[in-house]
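Worksheet: the structure to be examined is printed underneath.
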Amino acid sequence: FAYREEGVVEMGGKTLTHAQFFTRLGQRLIAALDRLTAEGFVFRVDMRLRPFGESGALAASFPAIENYYLIHGREWERYAMIKARPVAGERQAGVQLMAMLKPFVYRRYLDFGAYESLREMKTMLMHEVRRKGLAQNIKLGTGGIREVEFIAQVFQLIRGGREPALQTQSLFAVFAHLRKQEYLSAAAVDELLQAYTFLRLSENRLQAWADQQIHVLPSESEAQLRLAFSMGYRDWDSCSRVLEQHRRHVQAHFSRVFDAPQAEDQSDSLQARLDELWRSGFEDPAQAKMVLKDAGFNDTEEVQRQLQLLKSARHYVSLPTKSRKRFDRLMPLLLGASGQTGAADITLTRLLDLLQQIARRSVYMALLVEYPLALSQLVKLCSASPWIARYLGQQPLLLDELLDPRSLYAPPDRAALLAELRQRMAVCEEGDLEQAMETLRHFHHSNVLRVAAADQAGVLPLMKVSDHLSWIAEVVLEGALELAWHDLVARHGVPVCDRAGRACNKGFGIIAYGKLGGLELGYGSDLDLVFLHAGENANAMTGGDQPLLLPVFFARLGQRLIHILTAHTPAGVLYEIDMRLRPNGASGMLVSSLDAYAGYQRDKAWVWEHQALVRARFVAGDEHIGERFAEIRRQVLCQPREQQSLRDEVCSMRRRMRKELLKKATGQFDLKQGVGGIVDIEFMVQFAVLAWAQRYPALTRFTDTIRLLEGMAQSGLMPTGKVAALSDAYQQYRGRLHRLALQEQGRMVADSEFTELREAVSRIWNEWMEKQSEYDKRPDI
């Protein structure tokens, strides 16, 4: 029983507190329902689930109830609260109370500790069943109703905070969702629901006959036959066989979901020796060395040193008891799995670094203990890439992505990414920008992890890796712009974008330059962006209660967007943003109008800015702006240019860039800035577009280097053999850069690598850029 708040009420000249009044009301309600009269009773009433149980107040205020669950709430109470709903009185207030308590029941993170908690509850129940001889209890016994409910509710407790479809009292709705998401097979769901229906019908028949709350199957033959007839069977044997089959199905599915994955006897196994090694504290160094050697480690002394340091470290010693138990279960498993990688020592080092990041978050250790497959995927990925290991350490929420290899190694395409983000954002509370920003970050991080996992496994070729990373960035930009737009419009109203007074369809566009513009995004790449708006009338105002001039509105929209993308939240940042390519660079307006942008590109932009424009494209926002930008870009790139002065300018810029940015190290080659490297190829392509787009406008169609090279061949600007050489070099360089990024090794390689490719690129550069090209002399050009 609950009431809104504390206070007093006057009754018959007496003053009662709300607690006194509602306690008396509750007592009378209970008496009206369960007092036995000549006509019987209405319902049995059980109030033991209230805060503090039988010793607690019969009725409590909303704040008192919320405070109880915040401070004193136990795991079994989360389980019980799943079925709670308001049924009488001021129901709307009851709905508000349930909303207040929802975070207690449904955690925002995936709570894999629920397995352990429900497993402990089941163990206690079975102890009671054995102690009281209740093996034939169809509610609490093996394969009974409670086991079906536990299966559904463990998924609700683990995933309900992320998946609203699981926030329901309906067991049938829960199983429908589990089937749809393939958390359980269709066959398993069918067997469980058929068993549940049969068991509940049996329970109803037993209680209807006896008018008592009983769940034990009858032992007398007459009572057995009566139950069989009521269930539609001619005899007890037929009914009993079906009943026992259902209970066997339930027990089998329950075991598959709840059995501890490391519970089997391993007394003679290597895993058991590793377990004993960790628990003993390395008392016998010689024995420890032997066990670690057998496990696959090379430098056993160093491994011992790391493990002993870990065990004496404050972050381990100070762990709460439950967390320490999970840590102690997990550590031997990590040792065993690391030893099977072929690179045991370095893998363990990476895993220990990650473990220190998650040690205080016991739920993640529970995940790895409960799911051997997730543990296996974690070790595999950390062994393959220190970048992935660090990424997981920074974003422990991503560990739940390891549960399903089907999605982990199959990153979605752009359309699927958009659908996924819409689905995730739909769960956010309206107006809760902080929650939306966290959701956007988790969407980004989980999908980048999928790309990295597929990349490391060899599932995705280089070009597809960049495509997927670019799609993720585009979808994130759309989502971030949507958040910024709604946040600003709610305060200042919708801007008017044309002189006729029509409201904008956002009227804001995001232009990507650089790697995102060229569909060549890598892991951890910055985003080079330019913001444009469509406001024709600088004196126009937005239409809200706090109106702003259009330029001010769009400038604030750009600032809000950058904040959403770059703010450090518990889930980290999305991207670092570089806006220096906007008109007039760092001193220019953050957001330019389309007209101002076109005028700048036409009259003021430097050659290097037109080079950058070759790789620029619209990626998010108002499609009308995208169309206008594409036309501006085409016109600028197709301007007539004097080729020799253009060549001199491009070569001068290349020399200046190499002088400032080239990384030098003895015996090393800079893949990006070195002679014959990536930037040389990009500059040749950009020169070709600026020099010949007037003659061959098709050169402006694409922004990525590979397709621009193909366009040069199709236009006859460069022989196909030379185009093939440049394309091959470019793809090999970028492929190596991706692999180096996953190994956190920068962009330097041995000077002996790629010698033939570098020579070929340098030769073509000299022909095209350093000498007057033979192509300049062709009359058709």
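Numbering (the working numbering), first residue to last: 1 to 781. The C-beta atom is built at its ideal place from N, Cα and C for all residues, glycine as well. Just so we're clear, the structure is a prediction, and the values are computed from it rather than from any experiment.
Top-ranked residue by Cα proximity to residue i, from the options
| i | options | result |
| --- | --- | --- |
| Pro86 | Thr168, Glu5, Ile138 | Thr168 |
| Ala786 | Ala534, Leu549, Ala374, Leu532 | Residue 786 lies beyond the range of the chain shown here (1 to 781); nothing can be said about it. |
| Ala616 | Gly296, Leu527, Ala760, Ala484 | Leu527 |
| Asp487 | Asp413, Arg329, Ile564 | Ile564 |
| Gln745 | Leu671, Ala457, Gly677, Arg406 | Leu671 |
| Gln787 | Val619, Val636, Phe41 | Residue 787 lies beyond the residue range present for the chain, which begins at 1 and ends at 781; the question has no answer from this structure. |
| Asn447 | Leu192, His568, Leu392 | Leu392 |
| Gly667 | Gly160, Thr755, Ser587, Gln686 | Thr755 |
| Pro164 | Val105, Phe687, Leu199, Gln639 | Val105 |
| Arg788 | Lys132, Met121, Gly160 | Outside the displayed range of the chain (1 to 781) lies residue 788, so it cannot be described from this structure. |
| Glu182 | Leu101, Glu759, Arg658, Asp404 | Asp404 |
| Leu373 | Ser385, Leu334, Ile346, Ala344 | Leu334 |
| Phe258 | Phe43, Ala114, Gly509, Gln194 | Ala114 |
| Leu737 | Pro63, Asp294, Gly522, Arg273 | Gly522 |
Segment limits, alpha helix (DSSP H) that includes residue i
| i | result |
| --- | --- |
| Asp785 | Residue 785 is absent from the model: the chain starts at 1 and stops at 781. |
| Tyr600 | 594-603 |
| Ala295 | 285-295 |
| Asp487 | 462-492 |
| Tyr391 | 386-394 |
| His533 | It is not in any alpha helix (DSSP H) - His533 instead sits in the beta strand (DSSP E) that spans 527-533. |
| Ala452 | 433-456 |
| Val679 | 678-692 |
| Phe327 | 321-339 |
| Gly143 | Here Gly143 belongs to no alpha helix (DSSP H), and DSSP marks it neither H nor E. |
| Leu206 | 186-210 |
| Phe258 | 236-258 |
| Tyr69 | 62-71 |
| Pro103 | 91-105 |
Nonlocal neighbours in the same chain, by C-beta distance under 7 Å from residue i, ignoring five residues either side
| i | result |
| --- | --- |
| Ile358 | Tyr364, Met365, Pro396 |
| Leu352 | Gln306, Leu310 |
| Gln356 | His315 |
| Ile562 | Ile577 |
| Ala152 | Leu171, Val174, Phe175 |
6 Å Cβ shell around residue i - same chain, five flanking residues per side excluded
| i | result |
| --- | --- |
| Asn137 | His215, Val216 |
| Ile764 | Lys722 |
| Leu418 | Val475 |
| Leu118 | Phe150, Val154 |
| Gly144 | Ile138 |
| Leu330 | Met365, Leu368, Val369 |
Environment of residue i [buried if 16+ CB atoms lie within 10 Å]
| i | result |
| --- | --- |
| Leu97 | buried |
| Thr705 | buried |
| Thr700 | buried |
| Lys14 | exposed |
| Ala725 | buried |
| Glu370 | buried |
| Leu201 | exposed |
| Lys180 | exposed |
| Val189 | buried |
| Gly621 | buried |
| Gln394 | exposed |
| Pro779 | For Pro779, the pLDDT reaches just 46, beneath the cut-off of 50, and the residue's location in the model is therefore unreliable, leaving the point undetermined. |
| Ser185 | exposed |
| Ser592 | buried |
| Asp680 | buried |
| Glu244 | exposed |
| Arg580 | exposed |
Boundaries (first-last residue) of the beta strand (DSSP E) holding residue i
| i | result |
| --- | --- |
| Met11 | 8-11 |
| Val749 | 748-750 |
| Gln643 | It is not in any beta strand (DSSP E) - Gln643 instead sits in the alpha helix (DSSP H) that spans 643-661. |
| Val619 | 617-621 |
| Phe508 | 508-513 |
| Gln668 | 668-670 |
| Leu16 | 14-17 |
is_contact[residue i, chain D] using C-beta, thresh 9 Å
| i | result |
| --- | --- |
| Leu25 | Absence of chain D from the displayed structure is noted, only one protein chain being present. |
Anticipated Cβ contact below 8 Å, residue i with residue j, distance rounded
| i | j | result |
| --- | --- | --- |
| Gly543 | Val496 | 7 Å |
| Thr23 | Ala80 | Incorrect: roughly 22 Å between the Cβ atoms, too far for contact. |
| Leu408 | Ala337 | Between Ala337 and Leu408 the Cβ distance is about 17 Å, and since that is not below 8 Å, they are no contact. |
| Leu140 | Gln156 | The Cβ separation is near 20 Å, so there is no contact. |
| Gln423 | Glu429 | Not a contact, Cβ separation roughly 15 Å. |
| Trp692 | Ser715 | 7 Å |
Contacting residues, own chain, Cβ-Cβ under 8 Å from residue i (five flanking each side not counted)
| i | result |
| --- | --- |
| Arg248 | Gly143 |
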